[in-house]
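Undergrad:
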Amino acid sequence: MIFQETIFQETIFAITWFSVIIIIVIIYVIAIPIAVWVYNDAKKRDMNAAVWLLIVLITSCIGYIIYLIVRE
1221 MIFQETIFQE
1231 TIFAITWFSV
1241 IIIIVIIYVI
1251 AIPIAVWVYN
1261 DAKKRDMNAA
1271 VWLLIVLITS
1281 CIGYIIYLIV
1291 RE
């Protein structure tokens, strides 16, 4: 019985970490096109495009919202 419980716990642990990794990948797959758009838009508005690109890549959607509020 203990052996089966250990296998069950390891399986749940693996599924949980796999789910977390998939969610992180999805967030960054969405963040990359947004960051590219922010870079191009900031460049058109004569803002520091490279800095905004890094902010959006690091903070994802929060950086995008901040950019929308701050942009000129």
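According to the working numbering, the sequence shown holds residues 1221 to 1292 in order.
Here a beta-carbon is modelled for each residue, glycine too, at the ideal position from N, C-alpha and C.
The structure displayed is predicted, hence computed values, not measured ones.
Does the distance from the CB of tryptophan 1237 to the CB of valine 1258 come in under 8 angstroms?
TA: For this step, residue 1237 is matched to residue 17 along the sequence shown. For this step, residue 1258 is matched to residue 38 along the sequence shown. Against a cut-off of 8 angstroms, the Cβ pair of valine 1258 and tryptophan 1237 comes out as no contact.
Undergrad: Measuring only between beta-carbons, confirm whether isoleucine 1275 sits less than 8 angstroms from chain C.
TA: Reference to chain C is not applicable here, since this structure consists of a single protein chain.
Undergrad: Run the CB neighbour count on isoleucine 1296, radius 10 Å, all protein chains shown included, and call it buried at 16 or more, exposed below.
TA: There is simply no residue 1296 to check, as the chain begins at 1221 and stops at 1292 in what is shown.
Undergrad: Mind checking alanine 1262: buried by the 16 CB within 10 Å criterion, or exposed?
TA: Looking up residue 1262 in the sequence shown gives position 42. When all chains shown are included, alanine 1262 counts as buried.
Undergrad: Tell me the rounded alpha-carbon separation between threonine 1231 and isoleucine 1250.
TA: Position 11 of the sequence shown holds residue 1231. Position 30 of the sequence shown holds residue 1250. Roughly 29 angstroms between the two C-alpha positions.
Undergrad: Measure the alpha-carbon distance for serine 1239 versus phenylalanine 1233 and round it to whole angstroms.
TA: Mapped onto the sequence shown, residue 1239 falls at position 19. Mapped onto the sequence shown, residue 1233 falls at position 13. If you take the alpha carbons of serine 1239 and phenylalanine 1233, they lie about 10 angstroms apart.
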